[in-house]
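Asker: Protein chains in written order, with the working numbering: chain C, 1 to 379; chain D, 380 to 758. Even for Gly, the Cβ is constructed at its ideal location relative to N, Cα and C. Here the structure is a predicted model, which is why all the values come from computation and not from measurement. First the structure, then my questions, so here it is.
In C-alpha cells, the structure reads:
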C-alpha cells in the first residue's frame with residue numbers, strides 16, 4: 001500500500017542500507033526500521049481520535065523529518081498540515097511537496113526571515129512570534145517577498161522556554177501583528193513542552209489545566225480586542241487528550257505518536273494508545289569479552305532521554321553505549337555473532353535525525369526505503 | 380593555506396550554512412565551526428610529539444569524518460594513515476582519496492566483509508579480529524575479492540568491550556590469521572577506551588600501566604611463535620603520552636586532539652596540550668520568558684558526555700537542551716536577540732556526525748567550507 005517514492009541508482013550497503021524486496025536479515029546494520037503495520041495503526045488511531053473530538057491535527061514533522069510520512073499523515077492520518085521547527089526543515093518539506101506548514105518557533109535572523117518569506121510563495125507558511133520587536137522584521141520580510149505571512153503569538157503557558165507572557169502582553173502583540181503590513185494574525189501557539197514528559201498522568205493533567213487557564217484567558221482577551229484566534233495550537237503525545245478535551249485548543253501538534261519511543265513508554269505506560277513503530281536494527285559483532293557488543297552506538301541512537309530498550313528479547317538489556325558500540329547484558333548467554341536485534345530508541349526525534357534512510361518493513365520483508373527528507377536541516 | 384575543495388552550486392542557508400568569504404555574522408546558525416588557526420596548531424603539536432617520540436600516528440577519523448581533515452593530518456600532521464570505525468566510513472574515505480585505513484573494529488557480517496574486501500582493491504585496508512571463528516569469513520572475503528586483508532588481533536587490555544583475552548588466546552588467533560589464505564597478520568590492536576575519560580591523571584596512568592603489561596606479554600608471545608607485530612596500535616587523546624612512552628605501542632590512534640571538547644577539557648584540565656578548535660555557532664532567538672534561548676538543541680549538540688560549555692562569555696552557561704533549543708543562564712542579562720554565541724560541544728565525535736558541513740573560519744571570516752564526508756556512515 002505504501003509506495004517507494006524516491007529510490008534510484010542506489011548501492012545497498014553504501015548509499016542505502018537496504019532495497020525493497022530484501023529480507024530483514026539482509027539489511028545492513030545499524031539501520032532505522034519502521035514497522036509499517038504499526039505505523040499505519042498509529043496513524044489511524046490518531047485520525048480517529050481527532051475526528052471524534054472535532055479538533056484538527058497538525059502533526060509535528062520534527063519527529064520524523066520525512067516528507068513521505070508527512071504525506072501519509074495528511075492524506076490518510078487526518079492531519080490538516082504539519083509543523084516544522086526550523087526554516088531549513090520547512091524548506092526541505094516544501095521542496096518535497098508539502099504545502100501547509102507551521103514553523104512552530106521564533107525566527108529572528110533577517111536572512112532566515114527572508115528565506116521563510118520566499119517559502120510562502122510556494123506554500124502556506126505560519127510562524128510564531130513572542131516579542132513586539134519581532135513584528136517589524138517579520139513584516140519587512142513578508143513585504144520584501146510580496147507575500148503574506150501568518151503569525152501566531154506564542155505564549156509561555158508553563159514551559160518557561162519561549163513565549164510571551166499570556167494575557168495583556170500577548171493581546172498587544174496580537175494587535176501589533178494584525179496591524180502590520182504583510183502579516184496576518186492567525187492565533188495562539190500554546191505548547192507546554194515540559195508537561196509532555198512529566199512522570200505521572202496526574203502531573204501532566206495538572207500542568208495542562210494550568211496552561212488551559214492561561215490560554216483561555218489570552219484567547220478571550222484577544223477576542224475582546226476584536227481578533228479571532230483561528231488557530232489555538234499546542235499539545236504533544238504526552239498530553240494531547242487533555243488539550244483536546246479542554247475546548248480551548250483546536251489544533252494538536254503531536255509528533256511522537258507516529259513512532260513512540262522508550263521514554264514515552266516509560267512515562268505513559270503500556271496504555272499509551274500507540275505502538276512502537278520505530279526500531280534501530282543492530283547486529284552482534286563481538287562476544288569475546290563475555291558481553292555481547294553490537295554495532296549501534298552514540299551515532300546511531302540518541303541517549304538524551306535514556307538508553308534504548310531491547311525489543312522482544314526477554315532478559316537482554318542495554319548496559320551502555322559508546323561512540324560506535326552498544327554493550328548488552330545477556331545473562332542467559334543466548335546471543336550469537338551476527339544476530340540481529342531491534343532496539344527501541346530512548347528518544348525518537350534526535351535518533352531519526354541521525355539517519356539518511358528509513359527502512360520500512362512489513363513482517364520480515366523490506367517494503368520501502370524512504371529518505372529522511374529534512375535530516376540535518378537545523379538552520 | 381587551506382583550500383576549499385568541494386563546494387559548488389550551493390545555496391547558502393539551504394544547502395550550506397555559509398560560503399567562503401562571508402563574515403562570521405552572516406553564517407546561518409546553528410553551524411559547526413572550525414577555528415582553522417587552532418586546528419593547525421593542534422595538528423602541529425601532535426606532529427611534533429610523534430616525531431620526537433619516534434612513534435607513528437594513525438589519526439582516528441571517526442572524530443571528524445572529514446576527508447579534508449584526514450588529508451591535512453597525513454600531509455602536514457605526521458599521520459601515516461587514518462583509523463575508521465565502520466566499513467561505510469572507510470568506503471567514504473576511500474571514495475574521497477584516502478588510501479591507508481585501519482577499520483579499528485570487528486567486522487562480522489558477510490556482506491560487510493565483502494564490501495571491506497572490495498575496498499582493499501583501492502586502498503591499504505587493515506581490520507581487527509577478536510574471535511578465531513572470524514578467520515574463515517575474513518579469508519573467504521579476501522579471496523573472493525582477490526585481495527590481501529591485513530588483520531590485527533584486538534585484545535581486551537582493560538576496557539571490557541571487544542577484544543580477545545591477551546596472551547595465549549591472542550597468540551593462537553595471530554597464528555590462525557597468519558595461516559589463512561588472503562590474510563596477513565599485521566599486529567595487535569590494544570585500545571583502552573575506558574581509560575581515556577578516567578577522572579584523574581593517576582587513574583589514567585594506572586589503567587595504561589596495566590594495559591601495557593598485557594600488551595607487552597602478548598607481543599612477546601607472538602614473537603616467540605615467530606610472528607612480528609608490525610603494528611601495535613591503541614591510545615587516545617586522554618592517555619597517548621603513556622602509550623608513547625611505553626616502548627610497546629608504535630601507532631597512536633588519537634582522534635579528539637584535533638578539536639578538543641568540553642568533556643576532555645574537564646578530564647584533562649587546562650594543560651591538555653590542545654586547544655578548542657570546534658564550536659557550534661548558535662543565535663539567541665528568544666528572551667521572552669526572561670531566559671535566553673538559542674537555536675541549537677539536541678539535534679545540534681550531542682549531550683552523552685554533558686552539556687556544552689559557552690566560549691568566551693564569562694558568566695553565561697548552558698542550563699539545558701531540548702530538541703531544538705538551548706536554554707542559557709545569563710545572570711547579568713547581557714544577551715540580545717540574534718546575538719551569536721560559540722558553544723564548545725560536550726563530545727566532539729557524535730556532534731560532528733550531526734552536520735553536513737564544517738565552516739572553517741580564520742578570525743571573523745569564513746575561509747573554507749568542508750563536507751563532513753562520512754556523516755551518517757555508520758553501517
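(1) Is residue 616 of chain D buried or exposed, if buried means 16 or more other CB atoms sit within 10 Å of its CB?
(2) For the beta strand (DSSP E) containing residue 88 of chain C, name the first residue and the last one.
(3) So, helix, strand or coil for residue 333 of chain C, using DSSP?
(4) Less than 7 Å between CB atoms is the rule here; does residue 108 of chain C satisfy it with respect to chain D?
(5) I need the DSSP call for residue 221 of chain C, collapsed to helix, strand or coil.
(6) For residue 693 of chain D, would you say it is in contact with chain C, using Cβ-to-Cβ distances shorter than 7 Å as the test?
(7) Roughly how many angstroms lie between the CA atoms of residue 677 of chain D and residue 523 of chain D, to the nearest whole one?
(8) Is the beta carbon of residue 192 of chain C closer than 7 Å to that of residue 211 of chain C?
(9) For residue 121 of chain C, name the three-state secondary structure that DSSP assigns.
(10) Just checking: is the beta-carbon of residue 10 of chain C within a distance shorter than 7 Å of some beta-carbon in chain D?
(11) Near residue 520 of chain D, what residues of its chain come up, given a Cβ to Cβ distance below 6 Å and the 5 sequence neighbours on each side ignored?
(12) Kindly give me the distance between the Cβ atoms of residue 732 of chain D and residue 444 of chain D, rounded to whole angstroms, as I take these residues to be in contact under 8 Å.
(13) Shorter than 7 Å from the beta carbon of residue 285 of chain C to some beta carbon of chain D?
(14) State the start and end residues of the unbroken alpha helix (DSSP H) segment that holds residue 169 of chain C.
(15) I need the boundaries of the beta strand (DSSP E) containing residue 430 of chain D, first residue and last residue.
(16) Residue 183 of chain C: which of C:206, C:125, C:205, C:312 sits nearest, CA to CA?
(17) Once DSSP output is grouped into helix, strand and coil, what is the label at residue 636 of chain D?
(18) Report yes or no: is there a C-beta of chain D within less than 7 Å of the C-beta of residue 163 of chain C?
(19) Can you name, in chain order, every residue of its own chain whose Cβ lies under 8 Å from the Cβ of residue 170 of chain C, other than the five neighbours on each side?
(20) Is it true that the CB of residue 119 of chain C sits closer than 7 Å to the CB of residue 361 of chain C?
(21) For residue 21 of chain C, count neighbouring C-beta atoms within 10 Å of its own C-beta (all shown protein chains included) and say buried if the count is 16 or more, exposed if not.
(22) Where residue 216 of chain C and residue 194 of chain C are concerned, what is the direct C-alpha to C-alpha distance, given to the nearest angstrom?
(23) Helix, strand or coil: how does DSSP classify residue 154 of chain C here?
(24) Compare the Cα-Cα distances from residue 168 of chain C to each of C:224, C:160, C:48 and report the closest residue.
(25) So, residue 378 of chain C versus residue 409 of chain D, is the Cβ gap smaller than 7 Å?
(26) Tell me, please, whether the CB atom of residue 404 of chain D is closer than 7 Å to any CB atom in chain C?
(27) Please state the DSSP three-state secondary structure of residue 623 of chain D.
(28) Which class does residue 380 of chain D belong to by DSSP, given the choice of helix, strand or coil?
(29) What is the residue span of the beta strand (DSSP E) that residue 700 of chain D lies within?
(30) So, with DSSP's three-state summary, where would you put residue 675 of chain D?
(31) Buried or exposed: which applies to residue 166 of chain C, given that a residue is buried once 16 or more other Cβ atoms fall within 10 Å of its Cβ?
(32) Of all the options C:146, C:138, C:206, C:205, which has the alpha carbon lying nearest to the alpha carbon of residue 185 of chain C?
(33) Thinking C-alpha only, which one of C:226, C:270, C:159, C:359 is nearest residue 704 of chain D?
(34) Are any of the Cβ atoms in chain D nearer than 7 Å to that of residue 339 of chain C?
(35) Give a yes or no on contact between the segment 655-675 of chain D and the segment 477-484 of chain D, applying the rule of three or more CB pairs nearer than 8 Å.
(36) Go ahead and label residue 449 of chain D buried or exposed: buried means 16 or more other beta carbons lie within 10 angstroms of its beta carbon, across all protein chains shown.
Answerer: Per the coordinate set shown:
(1) buried
(2) Segment 87-95 is the alpha helix (DSSP H) holding residue 88 of chain C; no beta strand (DSSP E) there.
(3) coil
(4) yes
(5) helix
(6) no
(7) 43 Å
(8) yes
(9) coil
(10) The predicted position of residue 10 of chain C is uncertain, since its pLDDT is 49 and thus under 50; a value taken from the coordinates is nonetheless stated next. By this cut-off, residue 10 of chain C is not an interface position.
(11) 492, 493, 496
(12) 6 Å
(13) yes
(14) 168-179
(15) Residue 430 of chain D -> not in any beta strand (DSSP E); alpha helix (DSSP H) instead, spanning 415-432.
(16) C:125
(17) helix
(18) yes
(19) 153, 155, 164, 188, 218, 221, 222
(20) no
(21) exposed
(22) 19 Å
(23) strand
(24) C:224
(25) yes
(26) no
(27) helix
(28) Low confidence applies to residue 380 of chain D: its pLDDT is 34, below 50, so where it sits in the model is not reliable enough to give any reading.
(29) 696-700
(30) coil
(31) buried
(32) C:138
(33) C:159
(34) no
(35) no
(36) buried
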